[in-house]
Structures are given as structure tokens and as C-alpha cells.
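Beneath this line is the structure, given in C-alpha cells, with notes to follow.
This is the structure:
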């Protein structure tokens with residue numbers, strides 16, 4: 003297979019494509035990583051959407067599972083903490099923020115009446131290193147409040163500031179507010195000319211009710227997440243220009259406090275400035291559901307990925323990459339392996355998140371145009387019918403809910419046709435699921451027959467992180483519909499409401 007040599011998409015940086023072997027990594031190890039992730043993706047549980055790998059200034063692997071692309075916006079959850087910390091570092095570099103300054107002094111005009119002696123000792127450094135001494139996640143109370151800073155400062159630390167690590171999701175909100183207080187600009191606007199525009203990254207971030215930036219809502223593209231990791235790998239230098247000093251980058255990523263007692267995979271090797279240390283030399287901008295940018299400093303490598311991994315604690319995409327790629331890499335180029343490289347490229351080019359199975363079933367002719375009537379249910383879903391378009395290799399799934407007809411086009415050959423409609427489950431745009439920068443009203447579906455009597459359909463939107471799964475099982479004149487959805491609050495006949503699983507049953511209307 004011919005090797006791509008064109009310039010990579012990291013805008014101003016002259017990165018080029020290379021075989022993995024030229025950079026000391028085997029195509030076989032990358033294939034092993036990719037196939038291990040896919041083999042663990044039962045019922046879409048791991049749900050890796052995209053990834054990129056850079057080593058020695060070359061892109062050696064990248065891909066996105068259809069319908070996603072490398073340039074779609076995506077939620078990154080707590081990876082945004084690392085981006086917020088970069089904004090703080092820019093303000094430190096310009097002398098506008100002192101990491102040893104006390105937070106209570108910064109917000110002296112916005113203090114609670116019950117300010118404790120311990121909270122008075124908390125500095126910017128304690129926030130950056132998650133060592134402010136609080137033993138509760140302050141964001142729970144902050145989100146309920148109309149004054150997030152005052153609420154944070156009202157929570158009395160249990161431990162002496164600086165003495166113990168405790169992961170606290172309220173902290174990045176306070177850090178963002180500090181930058182705004184000290185610079186007069188919200189943190190994203192402050193970062194724009196100094197860092198985001200020079201590296202060609204776009205960061206979408208909502209405001210809270212107090213018109214302050216809300217870091218937990220950050221959305222970026224896969225390429226942007228890679229750029230942040232690559233900038234830090236190069237110690238703040240981009241396209242020949244030093245955007246952040248090497249010394250500040252070193253402080254950002256080094257070990258500051260122990261996390262040895264942390265129970266989660268890959269989280270007990272220490273903590274830097276809003277980033278987690280790795281068992282090797284390096285650190286991770288780590289986000290929930292495996293949205294990461296992993297900076298392997300000694301190995302001169304960046305691995306970044308976007309996903310919706312729902313297997314809590316049992317399977318880690320970053321650890322799988324570490325075990326199967328990092329631990330098997332070489333400091334020197336490897337012998338060429340064109341066959342393995344071609345298999346890798348084919349796998350990544352053909353990567354599709356559609357369900358596996360056949361695009362046809364002998365049952366299609368029997369159900370085409372027929373209506374199945376649902377038994378009474380809390381969804382108000384009355385009926386469903388299936389229209390077959392063999393020329394387009396599509397099904398149109400039509401449901402009637404509360405008297406209204408909804409239609410969803412479903413590709414049957416790995417395609418993802420777009421429909422501005424939905425079936426059964428209204429689009430879930432709750433705090434943890436929306437993606438800004440994409441159109442949430444556009445729904446896509448792709449399906450497959452896993453056997454003659456079972457039709458599995460995945461519903462997605464580029465404007466939402468999670469997928470909906472519709473499992474239609476036909477049994478003579480009856481239809482059993484199993485639904486998995488992140489819309490946990492949807493009422494219905496729940497199999498397991500905590501997991502968003504619901505069950506409906508319908509009977510074929512023989513009069514149709």
C-alpha cells in the first residue's frame with residue numbers, strides 16, 4: 003500500500019504521515035489495540051469514536067468510525083480541566099495570576115459569611131493540584147447555586163490545604179473565574195489570541211446562569227484534542243513560536259501530589275496541574291468515558307481519543323493502548339511490514355459503528371408495510387411499521403406516538419441517512435449528552451439483521467454523545483422491542499431504569 007506523505011491536518015505544524023514501523027511502532031501492535039477495543043465493544047459499550055497517534059512528529063495512525071469524522075465536535079468532559087489549566091498557565095506567564103495567591107483574596111468582594119480558616123489558606127496551586135482540602139465534590143452544591151464562587155468558598159476543607167488529593171469537579175469553574183477576574187476576559191476569550199488561534203483549535207464552552215464560562219460543557223474536535231497534547235509534548239512551542247514557556251509546561255505536567263490510593267485504573271500515579279500522571283514519563287488530559295489526550299514525553303508520542311465508554315472500571319481505552327502499543331514500542335525504526343500496514347489502513351478506512359449483521363432477511367417481505375400495535379405503555383407509543391426501500395438499501399421505521407407519526411430512515415448497508423425526526427425516544431440533550439457545534443435535531447440510524455428474526459438498529463446524532471439502541475425481535479405475529487438509551491428519566495416499562503433499558507411489546511395487525 004502506498005504511504006500517505008501529505009501534510010497532516012494540524013494546520014501550521016508540518017507533520018507528515020508515516021508508517022508506524024518508521025517511527026518504532028509496529029502496525030501489528032496498533033491493529034491489536036484497535037481489534038481489542040472492537041472485540042470488547044459488545045452492545046456498543048466501549049464505543050470508541052475516533053483516535054490519532056503521533057510519534058516523532060509524524061502521524062502514524064488515525065481514524066474515525068462512521069458516522070463520525072476527525073473534524074466533528076465532541077464532548078471531552080474532564081479533559082477540559084487540562085485546557086482550563088493551560089489558560090491559567092498563560093495568565094501566570096503574563097504575570098496576571100500568581101499560583102501562590104490565596105483564592106479568598108482574589109474573590110475578596112464575593113466571600114460567604116462563614117469563611118473558614120482553612121479555606122482562607124487555599125491557593126491557586128491547591129486548586130490546580132486538587133489539594134484544596136475539601137472532601138466533597140463541590141460542583142454538586144455549586145450547580146444548585148446562583149453564586150458558584152461563594153458556594154465553593156463556603157465549603158469548609160476537612161484536610162489542611164496541600165496535604166491530600168481529592169478529585170473535585172468544582173475546581174475548574176473556580177480556575178476559569180480566577181482568570182476572568184485577573185484579566186477582565188472570560189478564559190476562552192483570553193486564550194483565543196494567545197493559544198487557540200495560533201494552533202488552529204476551536205473550543206466551544208457554554209456560560210452558566212451567572213454568565214461565567216462552564217468548563218464541563220467544553221466541546222472540541224478530535225484534531226483539536228490532539229493539538230493540545232502535541233503542544234504540551236513540544237513544551238509549548240508551535241510552528242517555531244514559543245506560546246508557553248518550556249518551564250511552565252514542565253511544571254504543568256510534572257508530579258505534584260500523590261494519588262496512590264485512587265481506586266480507578268490509571269489514576270494512582272500522581273497528579274499535575276489538572277492532569278493525571280502515567281506509569282511512564284508523561285501525563286493525561288483525562289475525560290470521562292475515555293476522552294483523552296495522552297502525552298508520552300519520554301517516548302515523544304501523543305495518543306488522543308474520543309469515545310463514550312460505558313464499561314465503568316472494567317475496560318480502559320488508554321490502558322489498552324499503553325499495554326498493547328506503548329509497552330511494545332522501540333526506540334529505533336522497525337523493519338517494514340507492508341502487509342500489516344495495509345491491514346491497519348484498511349481497518350481504519352472501513353471503520354463503521356453500524357451494527358454487525360446482514361442487510362437483508364427473509365422476514366422483510368412479511369413485515370413490509372405491516373403495522374404492529376403496541377400494548378399500552380408510558381411512552382404513548384401506539385404502533386410501528388417498516389417500509390423497505392431495496393434500491394437505497396434502507397428501511398423507514400414509522401411509529402405513531404400520542405397520535406403523531408414519526409419517521410426514521412435507517413441505512414441497512416453501513417450507511418447513516420439523516421432524518422430530522424425520531425422514533426419512541428425524543429432526543430436527549432441533557433447536560434451530560436449534548437454536543438455543541440453540531441446539529442442536535444439531525445438523527446442518523448443504521449441497522450442490521452443479526453439473525454432472521456432480529457433487527458438491531460443504532461440511532462445516533464453528531465449533536466449527542468450517546469447512541470440509542472433499538473432491538474426489534476420478531477416472534478410469529480408478535481414484536482418485542484428492547485430499547486437502550488441514555489435518557490434515564492424517560493418513563494416506560496423499564497427492564498433496568500438505571501441503565502436506561504426499556505421493553506415494549508406489540509402485535510401484528512393482520513388487517514393491514
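Residue numbers (this note's numbering): 3 to 514. Cβ coordinates follow ideal geometry from the N, Cα and C atoms, glycine included.
### Message
Could you check whether the segment 94-105 touches the segment 114-131, counting it as contact only if at least three pairs of C-beta atoms, one from each stretch, sit closer than 8 Å?
### Response
yes
### Query
Do the CB positions of residue 75 and residue 350 come within less than 9 Å of each other?
no
### Query
Using 8 Å as the Cβ pair cut-off and three pairs as the minimum, do the segment 455-462 and the segment 431-443 touch?
no
### Task
Return the Cβ separation of residue 56 and residue 17 in integer angstroms, given the expectation that the two are a contact with Cβ distance under 8 Å.
7 Å
### Task
Return the chain-ordered ranges of every beta strand (DSSP E) run that is complete within the segment 220-308 and spans a minimum of 3 residues.
221-223, 284-289 and 293-298
### Task
Let me know if residue 432 comes out buried or exposed under the rule of 16 or more other beta-carbons within 10 Å of its beta-carbon.
exposed
### Task
Hey, could you find the ends of the beta strand (DSSP E) residue 55 is sitting in?
50-57
### Query
Do you know offhand how far residue 29's Cα is from residue 215's?
42 Å
### Task
Look up residue 491 in the DSSP assignment and say whether it is helix, strand or coil.
Confidence in residue 491 is poor, its pLDDT being 44 and thus under 50, which makes the residue's placement unreliable; the coordinate value appears in the next sentence. Three-state DSSP puts residue 491 in coil, outside helix and strand.
### Task
Mind reading off the beta-carbon distance from residue 92 to residue 197? Whole number of angstroms is fine, and I expect it under 8 Å.
6 Å
### Query
So, helix, strand or coil for residue 21, using DSSP?
coil
### Message
If the criterion is Cβ atoms closer than 9 Å, does the pair residue 274 and residue 300 meet it?
### Response
no
### Message
Between residue 326 and residue 34, how many whole angstroms is the CB-CB distance? I'm expecting something under 8 Å.
### Response
5 Å
### Query
CA-CA distance, residue 506 and residue 370?
20 Å
### Query
Nearest-angstrom Cα distance between residue 511 and residue 44?
33 Å
### Query
If we count the other Cβ atoms within 10 Å of its Cβ and call it buried at 16 or more, is residue 516 buried or exposed?
As shown, the chain starts at 3 and ends at 514. That puts residue 516 outside it, with no answer to give.
### Query
Is it buried or exposed for residue 289, if we count other Cβ within 10 angstroms and need 16 for buried?
buried
### Query
With 16 as the cutoff for other CB atoms within 10 Å, does residue 212 come out buried or exposed?
exposed
#### Entry: Assigned exposure category for residue 358 - 16 Cβ within 10 Å defines buried
exposed
### Query
Which residues mark the beginning and the end of the alpha helix (DSSP H) in which residue 175 is found?
173-185
### Message
Measuring alpha carbon to alpha carbon, tell me which residue in 323, 313 and 271 is nearest residue 295.
### Response
323
#### Entry: Distance CB(residue 121)-CB(residue 155) smaller than 9 Å
yes
### Task
Please name the residue in 395, 157 and 368 whose C-alpha comes closest to that of residue 411.
395
### Query
By how many angstroms is the C-alpha of residue 117 removed from the C-alpha of residue 405?
56 Å
### Query
Taking the C-alpha atoms as reference points, what is the distance between residue 493 and residue 429?
Any reading at residue 493 needs caution, since the residue's pLDDT is 47, under 50, leaving its predicted position unreliable; the model's value is listed next. Computed Cα separation, rounded: 14 Å.
### Query
Which first and last residues belong to the beta strand (DSSP E) in which residue 471 is found?
470-477
### Query
Buried or exposed: where does residue 257 fall if 16 or more other Cβ atoms within 10 Å of its Cβ makes it buried?
exposed
### Query
Between residue 145 and residue 229, what straight-line distance do the alpha-carbon atoms span, to the nearest angstrom?
30 Å
### CA nearest to the CA of residue 262, picked from 279, 247 and 250
279
#### Entry: Spatial neighbours of residue 514 in its chain, beta-carbon cut-off 8 Å, leaving aside the 5 residues before and after
With a pLDDT of 47 at residue 514, under the threshold of 50, the modelled position of this residue cannot be trusted; read the value that follows with caution. 371, 372, 373 and 387, listed in sequence order.
### Task
Out of 249, 251, 209 and 202, point me to the one whose CA is closest to residue 241's CA.
202
### Query
Which residues does DSSP pair with residue 485 in a beta bridge?
472 and 504
### Message
Using the three-state DSSP reduction, which class does residue 377 fall into: helix, strand or coil?
### Response
coil
### Query
Does the beta-carbon of residue 407 have 16 or more other beta-carbons within 10 angstroms, so that it is buried, or is it exposed?
exposed
### Message
If I follow the unbroken beta strand (DSSP E) through residue 461, where does it start and stop?
### Response
456-462
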